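A.B. asks:
In the numbering used here, the protein residues as written are 702 to 1165.
1) Please determine, among 1153, 1129, 1146, 1144, the residue with the shortest C-alpha to C-alpha distance to residue 1163.
2) From the DSSP secondary-structure annotation, give me the bridge partner or partners of residue 1161.
3) Could you please give the first and the last residue of the uninterrupted alpha helix (DSSP H) stretch that includes residue 924?
4) Just to confirm, are residue 979 and residue 1009 a CB contact at a threshold of 8 Å?
5) Going by CA-CA distance only, name the one from 813, 834, 715, 732 that's closest to residue 749.
6) In terms of alpha-carbon separation, which member of 869, 875, 886, 933 lies closest to residue 898?
7) Write down the C-beta distance between residue 1166 and residue 901 rounded to the nearest angstrom, noting that I regard them as a contact closer than 8 Å.
8) Under a three-way DSSP split, which group does residue 1089 fall into?
9) Would you mind stating whether residue 866 and residue 1037 have Cβ atoms separated by less than 8 Å?
10) Is it the case that the Cβ atoms of residue 786 and residue 846 are separated by a distance below 8 Å?
11) Can the beta-carbon of residue 940 be found less than 8 Å from the beta-carbon of residue 769?
12) For residue 944, which of helix, strand or coil comes out of DSSP?
13) Would you kindly report the start and end of the unbroken alpha helix (DSSP H) that includes residue 952?
14) Note down, in chain order, each residue of its chain lying with its Cβ closer than 6 Å to the Cβ of residue 844, except the 5 sequence neighbours on either side.
15) In this structure, what does DSSP give as the bridge partners for residue 1129?
16) Any contact of the segment 948 to 959 with the segment 904 to 917, i.e. 3+ C-beta pairs under 8 Å?
17) My output table needs one value for residue 1153: the three-state DSSP class, helix, strand or coil.
18) According to DSSP, is residue 1146 part of a helix, a strand, or is it coil?
19) Measuring alpha carbon to alpha carbon, tell me which residue in 840, 716, 732, 935 is nearest residue 972.
20) Which same chain residues, not among the five before or five after residue 1131, have their C-beta less than 6 Å away from its C-beta?
21) Any idea if residue 1054 is buried or exposed, counting beta-carbon neighbours within 10 angstroms, 16 or more meaning buried?
22) For residue 977, which residues in the same chain have their Cβ closer than 7 Å to its Cβ, ignoring the five residues on either side in sequence?
23) Going by alpha carbons, who is nearest to residue 830 out of 1045, 894, 863, 821?
24) Do residue 923 and residue 944 count as a contact pair if the criterion is CB distance below 8 Å?
25) Do you know offhand how far residue 841's Cα is from residue 764's?
26) Among the residues of its own chain, which have a CB less than 8 Å from the CB of residue 932, if the five just before and after it don't count?
27) Apart from the five residues just before and just after residue 1045, which ones in its own chain have a Cβ nearer than 6 Å to its Cβ?
28) Given residue 819, which residues of its chain have a CB within under 8 Å of its CB, disregarding the five upstream and five downstream residues?
29) What is the DSSP secondary structure of residue 719, reduced to helix, strand or coil?
30) Who are residue 1134's beta bridge partners in DSSP?
31) Grouping DSSP H, G and I as helix and E and B as strand, with all else coil, what is residue 876?
32) Over what stretch of residues does the alpha helix (DSSP H) that includes residue 832 continue unbroken?
33) Locate the alpha helix (DSSP H) running through residue 977, then write down its first and last residues.
34) The alpha helix (DSSP H) that contains residue 864, what's its start and end?
35) Less than 8 Å between the C-beta atoms of residue 981 and residue 776, yes or no?
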């Protein structure tokens, strides 16, 4: 074909080039949307399967109950929690923005693809509302695993109002019940579990809801037994903390009124654990720090410092908190925390920054609290005079020098009995009796390790 004017040939060539360019953009956009949809369908099936999230809910209650029964130590519970979070960090990193239409070209490609799919009877590409809903679900999971239950519940409630998928609604109700239970709203939590049991009586969600409801009832029964058992304040606080009865622990007694440094340190640790559970991060960091100062290097300080590190790994800007915990661990030598640091060096913090504008995120503690913690870290580093492998030698310094004549020990209960040992210099130790030797010493297992007490300094031994 020949044109009369030269510009007509250039116009036709330009139109052909634009057509090729537009077709290429549509093809590239179509391929990108297809690949994103394949990834989306895989992620969607994983979320709807819900195996990991269901296991987390049950494991949390089971671990707390085993801690209450003294079948797990605090270190073991922390390790299990951290490993669970690490598994989630490996699995759930979804870039939800890639699944949404990016501009007009994607919008046109989406309309063409959906029209072709509808004509062939296939499912259309996921719409933006559905993608956003699963983004809320993932965010709720992340907040739930860092004990920010009120904020997690906000995401779950939004998704429950929007979604129409029965399976997804069942998963959301499980997590709503879990968050409500840990926030202390037991009747509403029970209603959610019973709703899932009714609607999913023949599938795995109904089984999980039954387990969660059963564990919740067990914890409630044990709380009543502890309340009626006539335990001393400290023992009751230990049990109630393990049973997640945090409000009672926080209202029980004031650590400042306790004379024994060892008891005061444990009370501060229990209060910090409860404050972390109810979302009072500043107060939790302050009391973990105070527990470390009161206890000095030892197992209790390791437990407190480990929780500080875990809290630093759960906020968007927790580097300073993790750094201070790392500095203290040079003295405390907690192998569990070292393992956590290795995991974090590969996986990063537990919660990635939120991409949703206007969404409040968990902030790291205030600068004043961090400065107090830094002072604690400096003080702990200066106490590294005695190797931690030999706590007996370290604790003997708190006992007066032995006298030449060794009087007979007061009447002693059986080994393994919990006792309070008061010394003539006014110091008091609480722990389990390991063994006695009337010729030399009494061995006691306390919160700060095994200590050896000279019989000449003992004023009284009282079974607890």
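All residues carry an ideal CB built from backbone N, CA and C; glycine is no exception. Here the structure is a predicted model, which is why all the values come from computation and not from measurement.
C.D. replies: Taking the structure as given:
1) Counting from 1 along the chain shown, the entry for residue 1163 is found at position 462. Looking at the Cα atoms, 1129 is the closest of the given residues.
2) Position 460 of the chain shown, counted from the first residue, corresponds to residue 1161. Answer is 1123.
3) Along the chain shown, read from residue 1 onward, the residue named residue 924 stands at position 223. Note, residue 924: alpha helix (DSSP H), 905 to 929.
4) Residue numbering aside, residue 979 sits at position 278 when the chain shown is read from its first letter. Residue numbering aside, residue 1009 sits at position 308 when the chain shown is read from its first letter. In this structure, residue 1009 does not lie closer than 8 Å to residue 979 by Cβ.
5) The residue given as residue 749 occupies position 48 in the chain shown. Nearest of 813, 834, 715, 732 to residue 749, Cα basis: 834.
6) By 1-based counting over the chain shown, the position of residue 898 is 197. Considering only alpha carbons, the answer is 875.
7) Any answer about residue 1166 is impossible in this case: the structure gives the chain only from 702 up to 1165.
8) Numbered from its first residue, the chain shown carries residue 1089 at position 388. With a pLDDT of only 34 at residue 1089, under the threshold of 50, the placement of this residue in the model should not be trusted; the figure read from the coordinates follows. Here residue 1089 sits in coil by DSSP.
9) As a working mapping, residue 866 is identified with position 165 in the chain shown. As a working mapping, residue 1037 is identified with position 336 in the chain shown. Taking 8 Å as the Cβ cut-off, residue 866 and residue 1037 do not qualify as a contacting pair.
10) In the chain shown, residue 786 corresponds to position 85, counting from 1. In the chain shown, residue 846 corresponds to position 145, counting from 1. Cβ atoms of residue 786 and residue 846: closer than 8 Å.
11) Counted from its first residue, the chain shown places residue 940 at position 239. Counted from its first residue, the chain shown places residue 769 at position 68. It is a contact, given that the beta carbons lie within the stated cut-off.
12) Here residue 944 refers to the residue found at position 243 of the chain shown. Residue state, collapsed to three classes: coil.
13) Along the chain shown, one-based indexing puts residue 952 at 251. Neither: residue 952 is in no alpha helix (DSSP H) and is coded neither H nor E.
14) Numbered from 1 along the chain shown, position 143 holds the residue referred to as residue 844. Taken in chain order, the residues that qualify are 852, 853.
15) If you number the chain shown from 1, residue 1129 lands on position 428. The partner list for residue 1129 (beta bridge, DSSP) reads 1123.
16) no
17) Within the chain shown, residue 1153 is the residue found at index 452, counting from 1. In the structure shown, residue 1153 sits in a strand (DSSP, three-state: E or B).
18) Residue numbering aside, residue 1146 sits at position 445 when the chain shown is read from its first letter. Looking at residue 1146 - three-state DSSP - the assignment turns out to be strand.
19) Locating residue 972 in the chain shown gives position 271, where the first residue counts as 1. Cα-wise, what sits closest to residue 972 is 935.
20) In the chain shown, the residue the question calls residue 1131 occupies position 430. The answer, listed in chain order, is 1121.
21) Counting from one through the chain shown, the residue named residue 1054 turns up at place 353. Annotation note: pLDDT 46 at residue 1054 (below 50); position unreliable, no value reported.
22) For the purposes of this step, residue 977 is taken as the residue at position 276 of the chain shown. Hits under 7 Å: 848, 985, 1008, 1012.
23) Counting from one through the chain shown, the residue named residue 830 turns up at place 129. Comparing Cα positions, the closest option is 863.
24) Numbered from 1 along the chain shown, position 243 holds the residue referred to as residue 944. Numbered from 1 along the chain shown, position 222 holds the residue referred to as residue 923. Cβ distance < 8 Å, so residue 944 and residue 923 count as in contact.
25) Stepping through the chain shown from its first residue, residue 841 is reached at position 140. Stepping through the chain shown from its first residue, residue 764 is reached at position 63. Going by the C-alpha atoms only, they are around 21 Å apart.
26) By one-based count along the chain shown, residue 932 stands at place 231. The answer, listed in chain order, is 940.
27) Taking the first residue of the chain shown as 1, we reach residue 1045 at position 344. Here the set comprises 1014.
28) The count along the chain shown starts at 1 and reaches residue 819 at position 118. Same-chain partners within the cutoff: 825.
29) Residue 719 sits at position 18 when you count from the first residue of the chain shown. Residue state, collapsed to three classes: helix.
30) As a position in the chain shown, residue 1134 is number 433, starting the count at 1. For residue 1134, which the question treats as bridged, DSSP gives the partners 1145.
31) Along the chain shown, one-based indexing puts residue 876 at 175. Three-state result, residue 876: helix.
32) In the chain shown, the residue the question calls residue 832 occupies position 131. Here the alpha helix (DSSP H) through residue 832 covers 829 to 846.
33) Numbered from 1 along the chain shown, position 276 holds the residue referred to as residue 977. From DSSP, the alpha helix (DSSP H) with residue 977 extends over 962 to 978.
34) Within the chain shown, the letter at position 163 stands for residue 864. Unbroken run through residue 864: none, as it is neither H nor E.
35) Within the chain shown, the letter at position 280 stands for residue 981. Within the chain shown, the letter at position 75 stands for residue 776. No. Outside cutoff.
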